[in-house]
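Numbering-wise (our numbering), the sequence shown opens with residue 3 and increments by one.
Where is the CB? At the ideal position from N, CA and C, for every residue including glycine.
Okay, so here's the structure we're looking at.
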Amino acid sequence: MQGVWPVARIREAERQVLAGLPAGTLMARAARAVTVEAVGMLGFSYGARVVLLVGPGDNGGDALYAGAELGRRGVAVSAVPADRTRLHAGGLAAFRAAGGRLVELADAGPADLVVDGLLGIGASGPVRPALLPLVEWSLDSPAPVLAVDIPSGVDPDTGAVAGPAVRAASTVCMGALKAGLLVGDGRLHTGRLRLVDIGIGPRLPEARVYRLDRRDLRLPAPGPADDKYTRGVVGVAAGSQAYPGAAQLCVGSARLGGVGAVRYAGHAAAEVVRRWPEVIVSDTVAVAGRVQAWVVGPGLGDTADAVESLERVLASDVPVVVDADGLNLLVERRELLAGRTAATVLTPHDREFERLFGELGTDRIAAARQAARDSGATVLLKGYATVVAEPSGRCFANPVGAPALATAGSGDVLAGLVGSLLAAGLAPGMAAATGAYLHAAAGQRGAADGPVLAGDLIAALRAEIGRLHRDNRGLPDAPSGENSDGLPRPV
Numbered sequence: 003m004q005g006v007w008p009v010a011r012i013r014e015a016e017r018q019v020l021a022g023l024p025a026g027t028l029m030a031r032a033a034r035a036v037t038v039e040a041v042g043m044l045g046f047s048y049g050a051r052v053v054l055l056v057g058p059g060d061n062g063g064d065a066l067y068a069g070a071e072l073g074r075r076g077v078a079v080s081a082v083p084a085d086r087t088r089l090h091a092g093g094l095a096a097f098r099a100a101g102g103r104l105v106e107l108a109d110a111g112p113a114d115l116v117v118d119g120l121l122g123i124g125a126s127g128p129v130r131p132a133l134l135p136l137v138e139w140s141l142d143s144p145a146p147v148l149a150v151d152i153p154s155g156v157d158p159d160t161g162a163v164a165g166p167a168v169r170a171a172s173t174v175c176m177g178a179l180k181a182g183l184l185v186g187d188g189r190l191h192t193g194r195l196r197l198v199d200i201g202i203g204p205r206l207p208e209a210r211v212y213r214l215d216r217r218d219l220r221l222p223a224p225g226p227a228d229d230k231y232t233r234g235v236v237g238v239a240a241g242s243q244a245y246p247g248a249a250q251l252c253v254g255s256a257r258l259g260g261v262g263a264v265r266y267a268g269h270a271a272a273e274v275v276r277r278w279p280e281v282i283v284s285d286t287v288a289v290a291g292r293v294q295a296w297v298v299g300p301g302l303g304d305t306a307d308a309v310e311s312l313e314r315v316l317a318s319d320v321p322v323v324v325d326a327d328g329l330n331l332l333v334e335r336r337e338l339l340a341g342r343t344a345a346t347v348l349t350p351h352d353r354e355f356e357r358l359f360g361e362l363g364t365d366r367i368a369a370a371r372q373a374a375r376d377s378g379a380t381v382l383l384k385g386y387a388t389v390v391a392e393p394s395g396r397c398f399a400n401p402v403g404a405p406a407l408a409t410a411g412s413g414d415v416l417a418g419l420v421g422s423l424l425a426a427g428l429a430p431g432m433a434a435a436t437g438a439y440l441h442a443a444a445g446q447r448g449a450a451d452g453p454v455l456a457g458d459l460i461a462a463l464r465a466e467i468g469r470l471h472r473d474n475r476g477l478p479d480a481p482s483g484e485n486s487d488g489l490p491r492p493v
């Protein structure tokens with residue numbers, strides 16, 4: 003897992019490191035990283051045309067020093083300053099010595115690459131009027147944009163974007179991850195994210211937010227002495243006469259998270275067992291039998307039977323995932339969460355979150371963390387950049403996004419998977435974060451072949467889980483048309 007830190011902590015770490023280094027050391031490291039990324043994006047250097055958009059602070063200095071290095075490699079580099087009177091002196095001198103030119107925006111000309119060095123992590127809120135023409139020029143330029151540390155116009159702590167902001171093809175992040183690159187609208191402006199070590203890591207405190215990496219995922223697997231009960235049993239209270247498909251989808255994914263058996267309790271038993279004959283079915287939670295975790299809510303409706311199912315599940319002494327209609331029923335029944343002795347995982351999308359906890363705002367990590375603290379539950383806040391917050395304050399930002407998952411029934415699949423991971427023995431936060439990761443990866447896998455339907459996700463999810471098991475055992479992957487980062491090649 004990679005730690006994520008607030009800007010204030012990163013700046014303090016930088017100050018401590020700078021106190022023991024020769025002047026300009028960190029800037030030289032940052033400039034070198036930008037240069038390497040720029041050359042990689044260009045694919046060549048000699049004769050390439052690069053335009054730097056340069057602000058008045060250290061971010062602009064990083065860009066100018068990188069421009070100097072590029073100039074020495076034969077790149078034709080021009081710099082458009084936001085304010086000629088406030089450029090970083092050392093960076094400007096190096097840039098000019100390497101043949102770089104300062105130009106007005108109107109004279110910037112065509113470029114093979116644009117480098118955004120306008121604003122660094124010290125800026126928040128809307129881009130200042132003086133910088134807006136440069137940001138808008140970058141948005142209109144056909145050339146890809148490389149952002150230095152963070153795209154200008156993106157709040158580094160929240161990812162909020164208040165007005166025009168640079169949309170980068172790639173961002174070189176210096177020293178430590180910032181939440182604004184991972185969540186909110188900032189995620190959509192970051193492009194490819196490359197974290198570069200500039201030596202501040204030892205000075206950073208313990209992180210409370212983490213970016214989950216695929217290598218961190220460990221799924222339960224059966225041992226030679228296991229049987230279906232020792233592996234764990236997950237219960238699913240979902241579906242209704244009106245929404246039997248929700249039960250089928252939730253049960254379908256619940257079978258895949260490492261458990262030995264699934265018990266279904268509800269009014270869609272005939273449809274469930276017809277689709278998944280290995281599932282044990284009953285009409286009510288009261289007679290379902292012992293489980294190690296419950297999933298309640300998808301397609302449950304708002305009838306008296308639905309309320310009774312929710313009340314019985316939350317009165318149990320095992321972990322519970324509450325999703326969809328279960329969350330809506332909780333709005334008027336918050337007391338059901340109080341006094342629970344086992345873990346609860348809530349899986350709201352934005353509108354469900356606001357019904358339960360109030361206005362979400364622009365800081366998704368802070369909102370999810372506060373909701374987890376107030377409810378005593380792990381909160382999985384769904385979205386393109388899903389956030390998982392534990393009651394302790396620890397959070398996970400999901401690095402995999404799949405817009406194709408914005409389809410009916412997708413959340414039912416996620417809820418079933420998280421419940422299964424809980425029943426198989428994963429801790430609540432890791433079960434939620436692992437489920438979100440695999441669910442999004444399955445969405446990307448499915449989208450490679452066309453529009454994603456929730457029913458398709460179960461097969462894609464099974465393939466993702468199989469691949470992860472092979473990874474964990476060090477076995478070669480099966481041929482699947484995947485690229486090196488483990489996700490399907492785009493079409």
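query = Which value, in whole angstroms, describes the spacing of the CA atoms of residue 371 and residue 134?
reply = Taken atom to atom, the span from the alpha-carbon of residue 371 to that of residue 134 is near 34 Å.
inquiry  = Let me confirm a value: residue 144 is counted as buried when at least 16 other C-beta atoms fall within 10 Å, else exposed. Which label applies?
reply    = Exposed: under 16 other Cβ atoms inside 10 Å.
ask   = What's the C-alpha gap between residue 301 and residue 277?
value = Going by the C-alpha atoms only, they are around 17 Å apart.
query = Where do the N-terminal and C-terminal ends of the alpha helix (DSSP H) with residue 139 fall, by residue?
reply = That run of the alpha helix (DSSP H) goes 134-142.
query = Is the segment 140-159 touching the segment 81-88, taking contact as three or more C-beta pairs under 8 Å?
reply = In short, these stretches do not touch, since the Cβ pair count stays below three.
message = According to DSSP, simplified to helix, strand and coil, what is residue 349?
response = Note: residue 349 maps to coil in three-state DSSP.
query = If you drop the 5 nearest sequence neighbours on each side, which residues of the same chain put their C-beta closer than 8 Å to that of residue 114?
reply = The beta carbon of residue 114 sits closer than 8 Å to the beta carbons of 44, 50, 51, 52, 145 from its chain, once the five residues preceding and following it are set aside; these are given in chain order.
message = Considering only the alpha carbon of each residue, which of 90, 79, 92, 120 lies closest to residue 101?
response = Nearest of 90, 79, 92, 120 to residue 101, Cα basis: 79.
Close Cβ partners of residue 449 (< 6 Å) along its chain, the five nearest in sequence each way excluded = Closer than 6 Å at the Cβ level, and outside the excluded window around residue 449, lie 406.
task = Report the three-state DSSP secondary structure of residue 365 (helix, strand or coil).
result = Note: residue 365 maps to coil in three-state DSSP.
ask   = Are the segment 157-175 and the segment 210-223 touching, with three or more C-beta to C-beta distances below 8 Å?
value = No, because fewer than three Cβ pairs between the segment 157-175 and the segment 210-223 fall closer than 8 Å, the two stretches do not touch.
ask   = So what's residue 94 in DSSP terms, helix, strand or just coil?
value = Looking at residue 94 - three-state DSSP - the assignment turns out to be helix.
inquiry  = On the CB-based measure, 16 or more other CB atoms within 10 Å of its CB, does residue 131 come out buried or exposed?
reply    = Exposed: under 16 other Cβ atoms inside 10 Å.
query = Any idea if residue 343 is buried or exposed, counting beta-carbon neighbours within 10 angstroms, 16 or more meaning buried?
reply = Flag for residue 343 reads exposed.
task = Return the CA-CA distance between residue 404 and residue 190, expressed in angstroms with no decimal places.
result = Taking the straight line joining both Cα atoms gives about 12 Å.
Own chain partners of residue 413 with C-beta closer than 8 Å, once the 5 adjacent residues on each side are dropped = Hits under 8 Å: 300, 325, 326, 349, 351, 384.
inquiry  = Tell me which residues share the same chain as residue 185 and place their Cβ nearer than 7 Å to its Cβ, disregarding the 5 neighbours each side in the sequence.
reply    = The beta carbon of residue 185 sits closer than 7 Å to those of 161, 366, 367, 387, 389, 399, all from its chain and outside the five residues before and after it, given in chain order.
task = Evaluate residue 103 with the Cβ neighbour count: other Cβ atoms within 10 Å of its Cβ, from every protein chain shown; 16 or more gives buried, anything less gives exposed.
result = With fewer than 16 neighbouring CB atoms inside 10 Å of its own CB, residue 103 falls in the exposed class.
query = In terms of residue numbering, what span does the beta strand (DSSP E) encompassing residue 176 cover?
reply = It spans 172-176 - the beta strand (DSSP E) in which residue 176 sits, taken as one unbroken run.
inquiry  = I need the straight-line Cα distance from residue 140 to residue 116, nearest angstrom please.
reply    = Cα atoms of residue 140 and residue 116: separation of roughly 7 Å, rounded to the nearest angstrom.
query = Going by C-alpha distance, which of 252, 233, 236 is nearest residue 242?
reply = It is 252 whose Cα lies nearest to the Cα of residue 242.
ask   = Buried or exposed: which applies to residue 180, given that a residue is buried once 16 or more other Cβ atoms fall within 10 Å of its Cβ?
value = Classification for residue 180: buried.
ask   = For residue 3 versus residue 292, is the C-beta distance shorter than 8 Å?
value = Residue 292 is positioned such that its CB atom lies no closer than 8 Å to that of residue 3.
query = In the segment 252-287, which residue ranges form an unbroken beta strand (DSSP E) of at least 3 residues, counting only runs that do not cross its ends?
reply = Within the segment 252-287, the complete beta strand (DSSP E) segments of 3 residues or longer fall at 263-267, 282-284, listed in chain order.
task = Enumerate in chain order the residues of its own chain whose CB-to-CB distance from residue 426 is below 7 Å, with the five nearest sequence positions on each side excluded.
result = Correct list, in chain order: 222, 233, 234, 259, 260, 261.
request  = Rank 154, 10, 38, 11 by C-alpha distance to the C-alpha of residue 62 and give the top, closest one.
outcome  = The option with the nearest alpha carbon to residue 62 is 154.
inquiry  = According to DSSP, simplified to helix, strand and coil, what is residue 223?
reply    = DSSP, read as helix, strand or coil, puts residue 223 in coil.
ask   = How many angstroms separate the CA atom of residue 194 from the CA atom of residue 168?
value = One C-alpha to the other measures close to 14 Å.
Own chain, CB closer than 6 Å to residue 381, minus 5 neighbours either side, in chain order = Only 348, 370, 373, 374, 391 meet the Cβ criterion.
query = Taking just the CA atoms, how far does residue 263 sit from residue 229?
reply = Here the alpha carbons of residue 263 and residue 229 stand approximately 10 Å from one another.
inquiry  = Is the beta carbon of residue 119 closer than 8 Å to that of residue 57?
reply    = Yes, the Cβ-Cβ distance between residue 57 and residue 119 is below 8 Å.
inquiry  = Using a 10 Å radius around the Cβ and a threshold of 16 neighbouring Cβ atoms, would you call residue 294 buried or exposed?
reply    = It counts as buried.
Within 8 Å, strictly: CB atoms of residue 244 and residue 298 = In this structure, residue 298 does not lie closer than 8 Å to residue 244 by Cβ.
request  = In the DSSP assignment, find the beta strand (DSSP E) that holds residue 213 and state where it starts and stops.
outcome  = Counting along the chain, the beta strand (DSSP E) containing residue 213 begins and ends at 211-213.
query = The beta strand (DSSP E) spanning residue 196 covers which residue range?
reply = From DSSP, the beta strand (DSSP E) with residue 196 extends over 194-198.
ask   = Leaving out five residues before and five after residue 77 in sequence, what residues of the same chain have Cβ atoms less than 7 Å from its Cβ?
value = Closer than 7 Å at Cβ, skipping near neighbours: 47, 50, 52.
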